[in-house]
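The opening residue of the sequence shown carries number 1 in the UniProt record's numbering; numbering runs sequentially from there.
Reviewing the structure listed below.
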Amino acid sequence: MLSLDDARIRASFANVSVRERKNIVLPDPSTIDWEHVDYLGWRDPRLPLVGYVVAVVDDEPVGLVLRQTESSPRRRTLCSWCNDVTLPNDVVLFSARRGGAAGRRGDSKGTYICQRFECNDNVRKLPPAAYAGFDREAARQERIASLRERVATFIASVARD
1 MLSLDDARIR ASFANVSVRE RKNIVLPDPS TIDWEHVDYL GWRDPRLPLV GYVVAVVDDE
61 PVGLVLRQTE SSPRRRTLCS WCNDVTLPND VVLFSARRGG AAGRRGDSKG TYICQRFECN
121 DNVRKLPPAA YAGFDREAAR QERIASLRER VATFIASVAR D
């Protein structure tokens, strides 16, 4: 992912008002290992049900504010972004208000995501050998590419009007 500064992260949010954008609590960009980040995701320390994601969509960073549902899934759920079957963490339903006129009408879209946005780490774990001659590194690279594609597709579907 591109290395982003505070101003570029803040300006990337597509589903918030100008006032809401100013109140977003940002992570410290200097602590982020940008080479191992396919999307930037973090939780708001003041608002426990709010999360933020920023990813590159069509060569530009696009961010969304997400809201976690208050109820948890009844069964262990698969993250729709990393598709990790051996998750060491919880997966929850997040919804995002759509951008533009649709968002002003109250339209939103939801998806199941790792609660603390651990997908970047999950896809980088070397998968077990599925059979003799299985290329584990190629499988890992495919998982990374798939994560980028799924995140970008979700963000684009929410951000466009």
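Here a beta-carbon is modelled for each residue, glycine too, at the ideal position from N, C-alpha and C.
The structure presented is a predicted model; accordingly, all values stated were derived computationally and were not measured.
{"Check": "Okay, do the region 8 to 19 and the region 41 to 61 touch, 3+ Cβ pairs below 8 Å being the bar?", "Outcome": "yes"}
{"Check": "Near Arg143, which residues of its chain fall below 7 Å by C-beta distance, leaving aside the five closest residues on each side in sequence?", "Outcome": "Val123"}
{"Check": "By DSSP, does Gln141 sit in helix, in strand, or in coil?", "Outcome": "helix"}
{"Check": "What's the gap between the Cα of Asp38 and the Cα of Trp81?", "Outcome": "11 Å"}
{"Check": "Straight-line CA distance for Arg148 to Phe134?", "Outcome": "23 Å"}
{"Check": "Can you tell me the Cα-Cα spacing of Pro48 and Tyr131, whole angstroms?", "Outcome": "42 Å"}
{"Check": "Gly103 to Glu35, Cα distance in whole Å?", "Outcome": "33 Å"}
{"Check": "I'd like to confirm the pairing. Which residues does DSSP put opposite Cys114 in its beta bridges?", "Outcome": "Val91"}
{"Check": "What do you reckon, are the CB atoms on Leu40 and Ile113 nearer than 9 Å?", "Outcome": "no"}
{"Check": "How big is the Cα-Cα spacing for Ala145 and Val151?", "Outcome": "10 Å"}
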